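Each remark here refers to the structure printed beneath this line.
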Amino acid sequence: MAYPGLFVDDVEVSTGEGTTSFEEDGDTTDGWSVLGAPAGSPGNANDWTFGPADLFPPSPGEIVDLALARQPEVTSFLSELFGPYPFRASGAIVDDYPELGFALETQTRPIYARDFFTDEFSGTSVVVHELAHQWVGDLLTVERWQHIWLNEGFATYTEWLWAEEEGVITAQEIYDGLVAIPADDPFWQVTIGDPGPEAMFDGAVYFRGAGTLHALRLQVGDEAFFTTLRTWIRSHAGGHVSVDDFIAHAERVSGQQLDELFEQWLFTAAKPAGLPEVEPVPPESPEGAAVLQLQEPRTPESLTGARR
Ligand SMILES: [Zn+2]
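Residue numbers (our numbering): 611 to 918.
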């Protein structure tokens, strides 16, 4: 048959009066075909598919529900890192406006473009990022925009830690992927400790920024590193912060001289010197591969839609 539409058989009548059958072949769905829109008519932008529900991936709305359902868990995870959640309310707004293209850490009600919710892990990762900003960005506010690393590098690093917690990929593996970016790549030319207005939301501020925290962790050890994060939040809650404040704080907690590390990672428009040559291990899971791909250098144009 070649009529457009859906052919069903053995239809159960919703009023409970029984079923009706058009053919005796026992197949309730005889197939479907869709012809294009009539000449001159606009096409329908909404794709549709027919078949048993479990054959199909969840809809964007279902992915949003899955990701947002994990907010309490994400909040506890972040509270372990940063201390108690700083506000009395928490929620989310997911807008389906197609050109929104960003997520924003609006205090207690982050706003998300629906494009982030392509699968549960990606959706939950952006929720981790925006909820992290409730501490780094909202509770602690940058003194001037040049200190944006304190927001974006930190929120991105919580995504790395979450990916590890979820068993998708370890923070070390993501870091290895980052330091494998060749030295001549423009990615390394952004001075993320003071990126300037043009590069303020460059991918480097996020990913080199998260790498800076991982490099600090490798330098001072886990105990001093996680103490640094917690006490950073506690001692500056409700205040304005600068990159220099953080460097001084990290040196105080660890008892180490860290000027050189931060100079290389934050204030040098080149790949930090002395990084080990590593051969990154290809991630086993598609989610892990997607996380690594996020770290890859991108043009400013291709970053549109990924800002968070
Ligand atoms: Zn952010």
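C-beta: ideal position from N, C-alpha, C; glycine also.
Just so you know, these numbers come straight off a predicted model, no measurement behind them.
Check your understanding: Cα separation between GLY849 and SER651?
Key -> Stepping through the sequence shown from its first residue, residue 849 is reached at position 239. Stepping through the sequence shown from its first residue, residue 651 is reached at position 41. Spanning the two alpha carbons is a distance of roughly 57 Å.
Review point. Cβ-heavy atom distance between THR716 and ligand 1 below 8 Å?
Key: Residue numbering aside, residue 716 sits at position 106 when the sequence shown is read from its first letter. Distances from the CB of THR716 to the heavy atoms of ligand 1 are all 8 Å or more.
Exercise for review: May I ask you to report which of helix, strand or coil DSSP gives HIS743?
Suggested key: Residue numbering aside, residue 743 sits at position 133 when the sequence shown is read from its first letter. DSSP places HIS743 in coil when its eight states are reduced to three.
Review point. Between which two residues does the alpha helix (DSSP H) carrying GLY832 extend?
Key: Numbered from its first residue, the sequence shown carries residue 832 at position 222. According to the sequence displayed, residue 832 carries Asp and not Gly. Looking at the DSSP string, the run of the alpha helix (DSSP H) that includes ASP832 is 832-846.
Check your understanding: Who are the near neighbours of ALA900 in its chain, counting only those whose CB is closer than 6 Å to its CB and skipping five residues on each side?
Key -> Indexing the sequence shown from 1 puts residue 900 at position 290. Around ALA900: no qualifying Cβ.
Exercise for review: Name the one or two DSSP bridge partners that VAL704 has.
Suggested key: Position 94 of the sequence shown, counted from the first residue, corresponds to residue 704. BP columns for VAL704 point to TYR722.
Review point. Which residue or residues does DSSP assign as beta-bridge partners of THR751?
Key: Start at 1 with the first residue of the sequence shown, and residue 751 comes out as number 141. Residue pairing for THR751: DSSP places it in a beta bridge opposite HIS850.
Practice item. For GLN744, count neighbouring Cβ atoms within 10 angstroms of its own Cβ and tell me buried if that reaches 16, exposed if not. Key: By one-based count along the sequence shown, residue 744 stands at place 134. The residue in question, GLN744, is buried, as its Cβ has 16 or more Cβ neighbours within 10 Å.
Point to revise | Where LEU714 sits in the DSSP three-state scheme | key: On the sequence shown, position 104 is the one that residue 714 refers to. Residue state, collapsed to three classes: strand.
Exercise for review: Tell me where the alpha helix (DSSP H) around LEU760 begins and ends.
Suggested key: As a position in the sequence shown, residue 760 is number 150, starting the count at 1. In the DSSP assignment, LEU760 falls within the alpha helix (DSSP H) that extends over 759-775.
Review point. When we look at the beta-carbon of TRP798 and count the other beta-carbons within 10 Å, is it buried (16 or more) or exposed?
Key: Position 188 of the sequence shown holds residue 798. Under this definition TRP798 is a buried residue.
Review point. Does ligand 1 have even one heavy atom less than 8 Å from the beta-carbon of ARG844?
Key: Position 234 of the sequence shown holds residue 844. Result no, Cβ not under 8 Å from ligand 1.
Practice item. Report yes if the C-beta of HIS850 is less than 8 Å from at least one heavy atom of ligand 1; otherwise report no. Key: Within the sequence shown, numbered from 1, the residue matching residue 850 stands at position 240. Result no, Cβ not under 8 Å from ligand 1.
Review point. Is ARG590 helix, strand or coil by DSSP?
Key: It is not possible to answer for residue 590, since the shown part of the chain is limited to 611 through 918.
**Study point:** First through last residue of the alpha helix (DSSP H) which encompasses GLY803
**Key:** Mapped onto the sequence shown, residue 803 falls at position 193. Taken as a continuous stretch (DSSP letters only), GLY803 belongs to no alpha helix (DSSP H), as it is neither H nor E.
Exercise for review: Keeping to the same chain, check which residues put their C-beta closer than 8 Å to that of THR841; ignore five residues upstream and five downstream.
Suggested key: As a first step, residue 841 is located in the sequence shown; it is residue number 231 there, counting from the start. Correct list, in chain order: HIS859 and VAL863.
Point to revise | Bounding residues of the alpha helix (DSSP H) (the contiguous stretch that carries THR685) | key: In the sequence shown, residue 685 corresponds to position 75, counting from 1. Looking at the DSSP string, the run of the alpha helix (DSSP H) that includes THR685 is 681-692.
**Study point:** Counted within 10 angstroms of its Cβ, other Cβ atoms place TYR613 as buried (16 or more) or exposed
**Key:** Numbered from its first residue, the sequence shown carries residue 613 at position 3. Confidence at TYR613 is low in this model, with a pLDDT of 49, below 50, so the placement of that residue should be treated as unreliable; the coordinate-derived value is given next. By the Cβ neighbour-count rule, TYR613 is exposed, with fewer than 16 other Cβ atoms within 10 Å of its own.
**Study point:** Close-in-space but distant-in-sequence residues of the same chain around ASP706 (CB under 6 Å, 5 per side omitted)
**Key:** If you number the sequence shown from 1, residue 706 lands on position 96. Excluding residues within five positions, the ones whose Cβ falls inside 6 Å are ARG724.
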